[in-house]
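Using this note's numbering, read the sequence shown as starting at 11 and increasing by one per residue. C-beta atoms are modelled at their ideal positions from N, C-alpha and C, and glycine is treated no differently. Small disclaimer: the values here were computed from a predicted structure and weren't measured.
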Amino acid sequence: MIIHDIGWENDDNGTELVTQTFPSSGYPNYLYVSKNNVVNKVKTPFKDSFSDSSFTSITADAGLSITSDTTTGMITSVDLTPKAGGSAFADVDTLGSWFYATDFKGAVGSDNWLKGWTYLDEKGILKDQVEDVYVLEGTITKDTFLPASGNYYLKEQTFVDSGVTLTIEAGATFKARFDATAAFSGSNPAPALVIKQGAKIMAEGTKDKPITFRSEIEPGSANYGNGRGMWGGIVVNGYAPISTTGGTNNVEGLTGIAYGGNDPDDNSGVMRYVRVWNGGAVVGSDNELNGITLAGVGRGTTVEYCEVALNLDDGFEMFGGTVDLKYCVVYAQGDDAFDTDEGYQGRGQFLVSVLANDSDRAHEMDNRTNGDTDSQPRSHPKFMNVTVISDSAGHTNDNIKVREGTGGDFRNYVMYGGGGDGWENDDNGTETVTQTLPTSGYPNYLYISKNNIVYKVKTPFKDASVEAFTSENGDPGYMIESNTSTGFITKVDLTPTPLGPAYSKLDNPFEGASASDSAFFDEVYFKGAVGSDNWLKGWTYLDEMGIIVEQEESLVALGGDITENTTLVNDTEYYLNEQTFVKDGVTLTIEKGTTIYARYGAYGASNPAPALVIERGAKIVAAGTKDEPITFKSELKSDDANYGNGRGLWGGLVVNGRAPISNAGGSANVEGLTGVAYGGSDPNDDSGTLRYVRVWNGGAVIGVDNELNGITLAGVGRGTTVEYCEVALNLDDGFEMFGGTVDLKYCSVIGVGDDAFDTDGGYQGRGQFLFVQRAADSDRAHEMDNRTNGNTDSQPRSHPRFANVTIIGDKANTNDLIKLREGSGGDFRNYILVGGGNDGIENDDNGSELVTQDLAAAEAFGYPNYLYISPNIVMYDVVDPFKDFDQSGETFTETYIDKDPGITYTMGSDGQVAKVNPRPILGGAAYQDVDNVIVDNFFTQVQYKGAFDKNNWLDGWSWLSETERLETEVLSVEEDLVAGIPSSFEIKNNYPNPFNPSTKISFGLPTQSEVKVTIFNVLGEQIMEYNLGNIQPGFRSVTWHGKNMNGAPVPSGMYFYRVNAGTEFKIGKMTLLK
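As structure tokens, then:
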């Protein structure tokens, strides 16, 4: 509150309590005004009931400012962002659970939410003052919040006292004093930020708004030199164990600043997206500070996405403690990148060291305390996925030195370059030094995996303890360039070559891990700190200075046998050149966003189409996302002369498992794939994960008389995950399940040549939220068989249990929508079938299974020997809903619901759907008489039939969405705000009118009625029609979005709407203005 006559006035009271002490009870009979509110430049802060001298406020300046026009009395400029370190950021009240927790008082912090949309901003009234310099020095003795808008100057050593929290907002920058007149020394220590034991730093930056500590001297100025040693650094001290006698020690050069204790879970706060540049100057006698010092810091502290660049001494140094590091990087330090000693037992993953020619080492790891190389706790860093980069021609020091009795566990390293030693180990204690991972004995061993990569290093291992050690020496695909004058690396590519050695022979970070270790380490598919997604981009010095580069990767061809764990990454183009087999025991991981292009050719028995085949015992882990799906498609583009209708341009994806099938002997071979067996005895077999996987353009010949399905699941078990998967434009079936128990969820099939979901061979899996869009020449949505070796009662009997399935046909297509035959059982609920020029559901060639619409009778007859079709399924605009069921006797009643669910679609001249909205009208037939689904750990009970409610899970990743055939709006029948029931049928004027882009059409029903809304243009041509189904009495409305049946926007003009309710109708008119 600023510049006014009266601040707070209160009069004409009732019995309420008026107080500045927050009541613990009595709501709502009190009036509480916090004494922490800021009232500044106000003549009378409190008046009337508030005038009691006990009512107080903070009067210190919050840093706001205004200017006014004395003629109009209007404020013409205002700065609402409080100044850093001012009263708005001190003594902030704690708020209730509904409110957002803030670090400031007033409506605006450093991020002014009024910008960009308000009158104040549009008229130039909002202003930002140039902030005064906020000087950091001395001791911070109370909780302090430093907003990003502050202009911070680290003048000298600044200490955060025990019990105090220093909070730094994302995006804040701190510039440290440089002394051009006198060198930093013990008597003139460099500025540093020191977090004492028991204090906390909460520095939570983001990738877009990192927190930066750097010198005030800009690059290029006379005093900048090589950018190192221009101020001190950050020191965090904690209460975690160290090996020093007595359990405590003092940081050199910081008198009386202790660290160490007995709490391994000690929490000193959070450092995330924090950058420390230009540090390492003297803070005390013979002591240059590390960029980030973590002294006795516990694992309750978070250190991730932190960078030290151009430090004169070490990058990170851990003096004992248990603190963990993740996603941390050091560039061109003068001494060591990651230095550990004094009993450090923390963990690290995804760490990068880019050494300069005059850098000492990437790691220097010690244990010896008071001359004892076996001092306890023994230093035992567990570091995994580390990249070490140095120039073989210029850097002649060791890359890594582990010594003085240190233990450790080092896996998935990539060391690239080095003119000296790679790994050096000397001055040992009694610890075991080994390349065989011990199963016990922690922390008294030093383990260096033989799977680590050491490439272009003069001497990979040095000293007697490790001279016989081995490593992988393949080229990881990195690239560096160096400046021979400065000795700094100026260009580096840290992303390894796809299918190269960084993606093979991976160490499992969870092998031998404790529960705590397993919770910290991430599962990986690459060695080194960086895979295909370079987490250093967007926030580091390396990126800001253009040092990070990426070489253009060549096309990678896939073919033959994959015999070791392999990862396909999303920044590389893959070419499926031939049949590719993932062998037993091998995992193929495909990164989200990866596209695999398949070779096109004239296929035949001697030239089988390329296909990806996962053999029994192998796994595919293809976990895409909605925004980054994994795609298999032809190399041909849709405008290529050979593209045709897009079908049959390559093979498909085949997954084979060890789940039960009905074939004699319990196993069979996929046709056209010699010696590729499927089937077994494990219904829970796990062949991996397919999530957000798209398979387009497949179905070509892979063997004699065998066109491949888009996705073949042969004897695949329910331990496999298949969800959000799509097959589009396949010449043969979409999904075919040859026996097995695999479940499907959120899967779609678009415009295939044969059947969408085909089951046989004793398949007993489940499916929910399945969608089929047939083309004019598609065969069936389902073709489900059981007969094996001529026996319609073969066991296990095929018994798919599918619920919430939407099938959209083409009235010109005279094939059945669903065919259930040859003894197949099953359980089918909450189906919607729309559009069929022949049979809806056909059933023939039965075995002894019961075919029924009576669920109780089915369950009594016994799983899997029944075929149950719910009487509540919706079949609309289908010529012959049921066929051949009369052969099954009187238990099948041929009951269904013949109501329009409100799904709209139009077919194109290419025989594919031109526009489709698969979501039914909200409140319509799809929401009435909904079946309960089977109660188990797979099915989800929903209150609608079909695969969709208002949420269209195809949007954003389906072929329909990508080719702009998917309608995104949904029609809903809503209750109007008018209460009661009208005495007669009526319509109300649509609102708004005129309208753009949508308008609401309202009507009232005296009785329950079948309702249809039709839109016409002025020529009487039908534009849109909605069959809303059976609507309850009352006032209702629907919204028209100004589009025709094809989903295309209609032009401006006058339109008419007709509402039919039973035998009555009424007409209104409306105007669309664009």
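Query, Result
"CB-CB length for Leu136 against Val88, believed under 8 Å", "7 Å"
"Expected contact under 8 Å - CB spacing of Gly667 and Arg626 to nearest Å", "6 Å"
"At least three beta-carbon pairs within less than 8 Å, the segment 635-653 to the segment 686-696", "no"
"Beta strand (DSSP E) segment containing Trp969, residue limits", "First-last for Trp969: Trp969 to Glu972, but that is the alpha helix (DSSP H), not the beta strand (DSSP E)."
"DSSP-derived helix/strand/coil call for Ser898", "In this predicted model, Ser898 has a pLDDT of only 48, less than 50, meaning its place in the structure is not dependable; the value taken from the coordinates is given anyway. Helix, per DSSP."
"Buried versus exposed call for Asp965 [16 or more other C-beta atoms within 10 Å across all chains shown]", "exposed"
"Beta carbon of Asp770 nearer than 9 Å to that of Gly749", "yes"
"Local Cβ density within 10 Å of Ser1008, reported as buried at 16 or more and exposed below that", "exposed"
"Exposure of Trp18, with buried meaning 16 or more beta-carbon neighbours within 10 Å", "buried"
"Among Asn848, Asp890, Thr862 and Thr802, nearest to Asn856 - alpha-carbon criterion", "Thr802"
"Whole beta strand (DSSP E) elements within the segment 248-314, 3-residue minimum", "279-287, 292-294 and 302-305"
"Pair within 9 Å by beta-carbon distance, Phe326 and Cys316", "yes"
"The beta strand (DSSP E) enclosing Asp770, as first and last residue numbers", "Phe767 to Asp770"
"Neighbourhood of Gly772 by C-beta, 6 Å cutoff - its chain only, sequence neighbours within 5 removed", "Ile671, Ser672, Gly749, Pro806 and Ser808"
"Selected residue, minimal CA-CA separation from Ile907, among Tyr915, Ser919 and Phe892", "Phe892"
"Contacting residues, own chain, Cβ-Cβ under 7 Å from Asn438 (five flanking each side not counted)", "Thr383, Gly415 and Ser475"
"Proximity below 9 Å, CB of Ile252 to CB of Tyr269", "yes"
"Backbone secondary structure at Thr25 - three-state DSSP", "coil"
"Backbone secondary structure at Glu554 - three-state DSSP", "helix"
"Alpha carbon of Ser369 to alpha carbon of Gly720, nearest angstrom", "55 Å"
"Boundaries of the alpha helix (DSSP H) in which Leu525 is found, first to last residue", "Per the sequence shown, the amino acid found at residue 525 is Ala instead of Leu. Note, Ala525: alpha helix (DSSP H), Ala525 to Phe530."
"Where the beta strand (DSSP E) containing Leu1015 begins and where it ends", "Thr1009 to Leu1015"
"Collapsed DSSP secondary structure at Gly119 in the structure displayed", "coil"
"Spatial neighbours of Ser402 in its chain, beta-carbon cut-off 8 Å, leaving aside the 5 residues before and after", "Gly427, Gly428, Gly429, Lys466, Val467 and Lys468"
"Exposed unless 16 or more other CB atoms sit within 10 angstroms - verdict on Gly556", "exposed"
"Contact set for Lys643: own chain, Cβ-Cβ below 6 Å, skip 5 residues either direction", "Trp706 and Asn707"
"Assumed close pair Val284, Pro201 - CB separation to whole angstroms, cut-off 8 Å", "Not quite, the Cβ-Cβ distance comes to about 17 Å (not below 8 Å), so this is no contact."
"Burial state of Trp660, where buried means 16 or more other Cβ atoms lie within 10 Å", "buried"
"DSSP state of Ala936 mapped onto helix, strand, coil", "helix"
"Close Cβ partners of Met11 (< 8 Å) along its chain, the five nearest in sequence each way excluded", "With a pLDDT of 45 at Met11, under the threshold of 50, the predicted position of this residue should be treated as unreliable, and no value is reported."
"Exposure of Pro10, with buried meaning 16 or more beta-carbon neighbours within 10 Å", "An answer regarding residue 10 cannot be provided, because it is not within the stretch 11 to 1084 covered by the chain."
"At least 3 beta-carbon pairs within less than 8 Å: the segment 585-604 vs the segment 564-573", "yes"
"Presumed contact (8 Å Cβ cut-off) between Gly956 and Ile842, rounded CB distance", "4 Å"
"9 Å Cβ cutoff met for Leu509 and Thr576", "yes"
"Three-state class that DSSP yields for Asp594 in the structure shown", "coil"
"Pair within 9 Å by beta-carbon distance, Ile913 and Val923", "no"
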